[in-house]
DNA sequence: CTTTCATTTCGATGTTTAGCTAAATGTCGT
DNA sequence: ACGACATTTAGCTAAACATCGAAATGAAAG
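Chains as they are written, first to last, in the working numbering: chain A, 1 to 104; chain B, 1001 to 1104.
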């Protein structure tokens, strides 16, 4: 959970998650949305991966990242819950969030 | 919003919020729960105050901090909302334009 | 098999942050 | 006014972090 919050503490990383909210994207495609070097973005991806907030699918030359919504959801819900903050009707459908692959 | 997430990125600060969840506490009382110097805790309080997550009530010698739950709640809900977590009503509305984020 | 492309890793640098001790501030009781 | 108490501010260090350009990795294409 600490890793998740650390990952969320950076605006660039939060925006990466936002971008992945709609569709998976390659590292380069994501990087094109930000005014920083690709190496910098790669480091951000690593942090997000460490937190298990994104997953990487390697397909040939490119690496496609996708959001692991359930991980974000679980962390947010657990935290909010511990404050009695009610998230109305959570867990809609895990359609975009791929099957079990080392859930944290 | 950035300040809130930055504030939440530290475990000590998250724990402070948890402690304040039930009842307000003085700075010293809070500090007694952590193995760090009071001055260090004071810095943490400042960060939480900057993020508006806690409010200080000065009463004589002591300063009593209380949780500003609505601020935490608003931030959490807004963020979760933008991912379609919780609030099924908001999920029906596509929020493509995300608000610009200022890091101060 | 060499080049090209996508991405990561390496090494270096400036900034931020958490932590400390010591000193300052403000307040209470005497 | 003085001394004790609660908290913050100041000054510092060490670690963590964001960032970069350059080099390395690995896969496809010629």
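Backbone N, C-alpha and C fix where the C-beta goes; we use that ideal spot for every residue, glycine too.
- For residue 1081/B, the enclosing alpha helix (DSSP H) begins and ends at 1069-1081.
- Rounded to whole angstroms, the gap between the alpha carbons of residue 4/A and residue 73/A is 11 Å.
- Look at the stretch 37-49 of chain A: it has no residue with a C-beta under 9 Å from a C-beta of chain B.
- Under DSSP, the beta-bridge partners assigned to residue 26/A are 64/A.
- In the structure shown, residue 39/A adopts helical secondary structure according to DSSP, grouped into three states.
- Taking every protein chain shown into account, the CB of residue 1006/B has 16 or more other CB atoms within 10 angstroms, so this residue is buried.
- Taking all protein chains shown into account, residue 1/A has fewer than 16 neighbouring C-beta atoms within 10 Å of its C-beta and is therefore exposed.
- Among the residues of chain B, none has a CB under 7 Å from the CB of residue 53/A; the nearest is roughly 11 Å distant.
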